[in-house]
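Participant:
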């Protein structure tokens with residue numbers, strides 16, 4: 417059996433894509449995403465939780481805030497990369513994983529994996545999952 421806890425935030429970014437397959441999205445454009453981060457564990461800690469939900473929401477908010485209202489084309493972390501929805505899922509998941517590993521989300525020591533989903537609209541989204 418697996419327990420999951422999901423926290424949600426949102427972010428608004430600007431970016432462009434390189435490559436003919438992106439058509440008009442090669443031009444600078446904006447995107448608004450709903451961001452879900454799901455933490456999974458086979459068991460609960462001594463307090464009966466997967467992770468401190470308030471702290472997880474706070475950390476997700478810090479990560480999305482660092483990307484919000486930015487032109488990602490100008491951010492050093494993204495130089496030479498297409499900041500597709502899939503890439504952004506991985507970036508956010510990896511940043512969350514760092515926070516679990518460094519103890520910032522200390523109540524999440526039993527967390528075994530996490531998944532980040534970015535919803536582009538009510539009909540399209542992408543996800544990235546990783547083990548910890």
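Residue numbers (the working numbering): 417 to 548. We put the beta carbon where it would ideally sit given N, CA and C, even for glycine.
Given 8 angstroms as the limit, is there contact between the region 436-447 and the region 510-528, that is, 3 or more CB pairs closer than that?
Facilitator: no
Participant: For residue 531, I'd like the list of residues in its chain whose CB is within less than 6 angstroms of its CB, leaving aside the five on either flank, ordered along the chain.
Facilitator: Here residue 531 is taken as the residue at index 115 of the chain shown, counted from 1. Same-chain partners within the cutoff: 454, 543, 545.
Participant: Just verifying my parser: in three-state terms, what is the DSSP assignment at residue 503?
Facilitator: In the chain shown, residue 503 corresponds to position 87, counting from 1. Secondary structure of residue 503 (DSSP, three-state): helix.
Participant: Compute the beta-carbon to beta-carbon distance between residue 471 and residue 534, rounded to the nearest angstrom, for a pair I have assumed lies under 8 angstroms.
Facilitator: On the chain shown, position 55 is the one that residue 471 refers to. On the chain shown, position 118 is the one that residue 534 refers to. The pair is not a contact, with the Cβ atoms about 21 angstroms apart (cut-off 8 angstroms).
Participant: Suppose the cutoff is 7 angstroms on Cβ atoms and the five residues either side in sequence are ignored; what does the same chain contact list for residue 497 look like?
Facilitator: For the purposes of this step, residue 497 is identified with residue 81 of the chain shown, where counting begins at 1. Closer than 7 angstroms at Cβ, skipping near neighbours: 503.
Participant: Would you list, in sequence order, the uninterrupted alpha helix (DSSP H) runs of no fewer than 4 residues that lie entirely inside the region 441-484?
Facilitator: 469-483
Participant: Excluding sequence positions up to five away, which residues of its chain have a Cβ less than 8 angstroms from the Cβ of residue 527?
Facilitator: The residue labelled residue 527 in the question sits at position 111 within the chain shown. The residues are 455, 456, 457, 466, 467, 516, 521, 548.
Participant: So, with DSSP's three-state summary, where would you put residue 509?
Facilitator: One-based indexing of the chain shown puts residue 509 at position 93. Helix at residue 509.
Participant: If residue 451 and residue 422 are in contact, beta carbons under 8 angstroms, what's the gap, nearest whole angstrom?
Facilitator: Counting from one through the chain shown, the residue named residue 451 turns up at place 35. Counting from one through the chain shown, the residue named residue 422 turns up at place 6. Not a contact, Cβ separation roughly 10 angstroms.
Participant: To the nearest angstrom, how far is the alpha carbon of residue 429 from that of residue 447?
Facilitator: Counting from one through the chain shown, the residue named residue 429 turns up at place 13. Counting from one through the chain shown, the residue named residue 447 turns up at place 31. The straight-line gap from Cα to Cα measures roughly 5 angstroms.
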